[in-house]
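Protein sequence lines correspond, in order, to chains D and S.
Here our numbering is used: the first residue of the first sequence is 288, the next is one more, and so on.
Here our numbering is used: the first residue of the second sequence is 288, the next is one more, and so on.
To start, the structure under review is shown below, and the notes come after it.
There are 2 protein chains.
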Amino acid sequence: MKESNKLPCKLGRPRTFDEEQALDRAMEVFWEKGYEGSSLPELTTAMGMNRPSLYAVFGNKETLFRKALERYQSTRMNYCDVALEQPTARAVVEALLRGAVDAQTRPDSPHGCLNVNGALACSDEAKPVRDELIARREHSETRLRDRLRRAREEGDLPADACPEQLARYVATVRQGLAVQAAAGVERAQLHTVIDIVIQSWPVGKLVQSASQ
Amino acid sequence: MKESNKLPCKLGRPRTFDEEQALDRAMEVFWEKGYEGSSLPELTTAMGMNRPSLYAVFGNKETLFRKALERYQSTRMNYCDVALEQPTARAVVEALLRGAVDAQTRPDSPHGCLNVNGALACSDEAKPVRDELIARREHSETRLRDRLRRAREEGDLPADACPEQLARYVATVRQGLAVQAAAGVERAQLHTVIDIVIQSWPVGKLVQSASQ
DNA sequence: TGAATTTTTAACTGGTCGGTTATAATCTAC
DNA sequence: GTAGATTATAACCGACCAGTTAAAAATTCA
């Protein structure tokens, strides 16, 4: 059984590519064109490697995509951990949204979020990867929900606040921002959207009575 | 010049399909699988017609998609006109968002919004289609912005409110809801997201001071 | 009946898809 | 220098893609 040893052996002809850099390039192609919109010739060209090497190192297109997702998580979504450690729920939400917008509008990367761009609607063949993306977005929402539950316990949110609902709300805004970023909306404009969310945080009876 | 006469002539072999119904089926396929994820065999099967007829009646895949977009606008986005005629900005926004969620979570239709699902990230070949969708979403946002401007003139919104920013915010939430709906989130849960938006509307200095 | 018109059917076109195979090139270890 | 290991190159595979063509079938009108 010939298992793909990822470590480039010292024996044999040397590789002409760096595995991590190649994965970054693949991530960017998927990010910009989606899973189905990315062809193998595009991927191999961007990655600076030939097709048999791609299959030897990364398996196939789907496993390459999943590894690109992992890479995206560890290099572009690292603001999430920082955000969830903020002292207040309000600061958590703001850091999460502003971090998302900044990551989604970097001039040196495709715009939008790979976890949304990768596959939103797709053919039956691509549905496993779409479901993977859905699961990742849900996981992110779950982490926020748990953090908001803690905030309520700490008195940082009103006792009648609903962490599930608030997390769903923030996740919705975040995904909406991703759609806008993918469409080319400027970073500054997206931050003004976050201003509105933050101005009215936390949403509860206090705000409701004041705004009426 | 043989222009495609859409009207089925009384002469010749009769059609086995209804043009409007066929377009509805095509719309649903594009809605569920996106422009690139929809193949011609899938489309012709769903539409109950053969390929030469499809080309004779609808042009090609891209023009079929654009006609499906028109059909979507006139049959599934008709809540927009009603929403924009609501008496207050708050009622406009609520009708717009609730109408969107209801249209995006109908049990007899694909979930999500065709204007987002159709093409978010795609290959170079499909970019004209993607740009058409972006333009349609922008147009929708522009209509809301104009309505909010009117609301400010009418004193329905604070004088220091920013219609552009508010419209962008609502559009962002709306597109976020579309992503969530496409992922299979329940209608009721999405309505609770709207509850939050509406509770804190209008967002302004009043709310800001109250929430702090 | 038969000519004209339109649609259906089925096969075909060149091109691209993801994935594989065989061989040539390039390295280390001995 | 040579054997063994690994990668690069290029051609190939069957399947499917969007789009077209040619002929058969079904209708109306004369």
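Virtual Cβ for every residue (Gly too), placed ideally from N, Cα, C.
In this text the structure is predicted, and so the values were computed from the model without any measurement.
Going by alpha carbons, who is nearest to residue i out of the options?
i, options, result
"D/R474", "D/A387, D/R436, D/K414, D/G442", "D/A387"
"D/G324", "S/R417, S/A343, S/R385", "S/R417"
"D/A470", "S/P489, S/R393, S/R455", "S/R455"
"D/W318", "S/P301, S/L407, S/R377, S/R312", "S/L407"
"S/A382", "S/A370, S/Q452, S/A376, S/T375", "S/A370"
"S/R461", "S/L401, S/D411, S/R436", "S/L401"
"D/R363", "D/P301, D/A390, D/L384", "D/A390"
"D/V333", "D/G346, D/R312, D/H398, D/A413", "It is Ala, not Val, that sits at residue 333 of chain D in the sequence shown. The candidate whose alpha carbon is nearest that of D/A333 is D/R312."
"D/D482", "D/P339, D/L356, D/H398, D/A378", "D/A378"
"D/C449", "D/A458, D/G346, D/A465, D/R432", "D/R432"
"S/A438", "S/H426, S/R424, S/L453, S/S427", "S/L453"
"D/R424", "D/G299, D/V490, D/A343, D/V457", "D/V457"
"D/D395", "D/W488, D/D305, D/V316, D/R436", "D/V316"
"S/V403", "S/T479, S/Y322, S/Q486", "S/Y322"
"S/E306", "S/L327, S/K297, S/T429, S/S340", "S/S340"
"D/E451", "S/R434, S/Q486, S/E357, S/L477", "S/L477"
"D/R358", "D/A468, D/V466, D/M314", "D/M314"
"D/V472", "S/A465, S/T459, S/A468, S/Q467", "S/T459"
"D/C367", "D/S487, D/T375, D/A309, D/V380", "D/V380"
"S/R302", "S/M336, S/Q467, S/T331, S/L327", "S/M336"
"S/P397", "S/H426, S/F345, S/V466", "S/V466"
"S/Q373", "S/L435, S/P415, S/H426, S/T331", "S/L435"
"S/V344", "S/Q308, S/E419, S/V480, S/A376", "S/Q308"
Verify the contact flag: residue i, CB atom, against every heavy atom of the ligand COA, threshold strictly below 7 Å.
i, result
"S/E372", "The ligand COA is not part of the structure shown, which contains no ligands of any sort."
Q: Please specify which runs of the alpha helix (DSSP H), each continuous and at least 4 residues long, are wholly inside the region 398–473 of chain D, giving them in chain order.
A: Fully enclosed alpha helix (DSSP H) runs of no fewer than 4 residues occupy 401–404, 414–440, 450–469 of the region 398–473 of chain D, in order along the chain.
Q: Below 7 Å between beta carbons is the criterion; list the residues of the region 349–378 of chain S that meet it against any residue of chain D, in chain order.
A: none
Q) Are the region 346–354 of chain S and the region 433–453 of chain S touching, with three or more C-beta to C-beta distances below 8 Å? A) no
Q. The region 469–481 of chain D: which residues have C-beta closer than 7 Å to a C-beta of chain S, in chain order?
A. A469, A470, Q476, T479, V480
Q: With 9 Å as the C-beta to C-beta threshold (strictly closer), list the residues of the region 436–470 of chain D near chain S in chain order.
A: C449, E451, Q452, L453, R455, Y456, A458, T459, V460, R461, Q462, G463, L464, A465, V466, Q467, A469, A470
Q | Runs of beta strand (DSSP E) wholly within the region 346–383 of chain D (minimum 3 residues, chain order) | A | none
(Q) Which complete alpha helix (DSSP H) runs does the region 300–332 of chain D hold, if anything under 4 residues is left out? (A) 306–324
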